[in-house]
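Notes to accompany the following structure.
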Ligand code: SF4
Ligand code: ZN
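In the numbering used here, the protein residues as written are 2 to 322.
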């Protein structure tokens with residue numbers, strides 16, 4: 002007899018402090034997959050027969066997402082056709098390892114793999130786009146993030162998928178929620194739904210790991226022996242996010258389950274805001290318009306990609322012309 006509180010057969014391996022369960026490795030994995038299955042069903046994220054693009058960067062979260070969706074696909078739930086979508090930002094000495102991990106897992110699982118690069122899409126790599134900056138850390142991620150989102154959209158269109166699944170986890174969600182509050186960016190709170198659709202874009206976006214702690218994703222990847230990228234992007238600059246992460250981790254250590262409570266509250270606020278405030282003076286749901294330059298969906302007249310591209314063209318020799 003083992004002391005796993007779920008099966009009672011095997012020795013416990015991990016204690017979920019927020020629920021009090023002590024689980025063996027197999028039960029930990031099963032309950033994690035089950036949690037993802039429930040999230041998918043609760044938010045109607047995926048339907049049988051759909052072609053699902055999984056954004057796979059090669060980090061632990063995205064490789065775990067691919068593996069879990071593949072596992073759910075082989076069970077009795079809705080069957081989807083999975084396609085991994087990988088973006089090569091063009092960062093020397095960093096991206097190649099991640100792409101190799103993504104490729105290896107796709108081969109192991111027999112999943113189609115579509116790769117797009119900043120070079121082919123925008124005419125410059127991230128290294129080239131940031132070439133001119135003296136302080137390489139200065140908002141590199143905000144600049145890169147704009148291109149990344151577009152690159153995933155382009156990969157989704159290239160792969161002809163119905164929906165794109167990204168690996169944002171519970172910690173990402175509540176960190177972003179708090180950061181939007183701290184930046185006074187109330188409008189954005191309504192854009193954080195785990196499942197979103199934009200009238201100007203044919204592909205839905207879903208986040209099946211929204212209810213899974215980052216720590217548990219890392220443990221899942223470790224137990225499943227998923228090799229993932231170990232080095233960080235040289236341009237990574239988290240600033241406020243890493244303070245928010247530390248604060249939330251401290252809170253969770255003192256009060257297990259706090260992250261879950263914050264997630265519930267954040268999802269509640271997001272859902273109310275994304276539906277619009279019936280009083281008429283609240284926050285409007287996210288709407289997009291076609292960009293005046295490139296025609297892609299944008300939250301304002303000219304999209305972020307076109308604005309950022311102008312900046313790169315002004316500062317580098319990579320004019321794209
Ligand atoms: Fe881009 Fe920042 Fe991610 Fe590096 S860490 S790939 S700069 S978003
Ligand atoms: Zn544009």
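Even glycine gets a Cβ: it sits at the ideal position worked out from N, Cα and C.
Supposed contact pair residue 206 and residue 167 - C-beta distance, whole angstroms, cut 8 Å: 7 Å
Residue 144, buried or exposed, once every other Cβ within 10 Å from all chains shown has been counted against 16: buried
Closer than 8 Å: residue 309 CB and nearest the ligand SF4 heavy atom: no
Neighbourhood of residue 305 by C-beta distance below 7 Å, restricted to the same chain and skipping five residues each side: 147
Exposure of residue 1, with buried meaning 16 or more beta-carbon neighbours within 10 Å: A question about residue 1 goes unanswered here, because the residues of the chain that appear run from 2 up to 322.
Nearest candidate by alpha-carbon position, reference residue 200, set 111, 36, 69 and 299: 299
Local Cβ density within 10 Å of residue 214, reported as buried at 16 or more and exposed below that: buried
Exposure of residue 59, with buried meaning 16 or more beta-carbon neighbours within 10 Å: buried
Candidates 8, 152, 295 and 45, of which the one nearest residue 30 by Cα: 8
Minimum C-alpha distance to residue 227 - residue among 68, 4 and 18: 68
Cα-Cα separation, residue 295 to residue 309: 13 Å
Through-space distance from residue 25 to residue 4, alpha-carbon basis: 8 Å
7 Å Cβ shell around residue 141 - same chain, five flanking residues per side excluded: 131, 236 and 238
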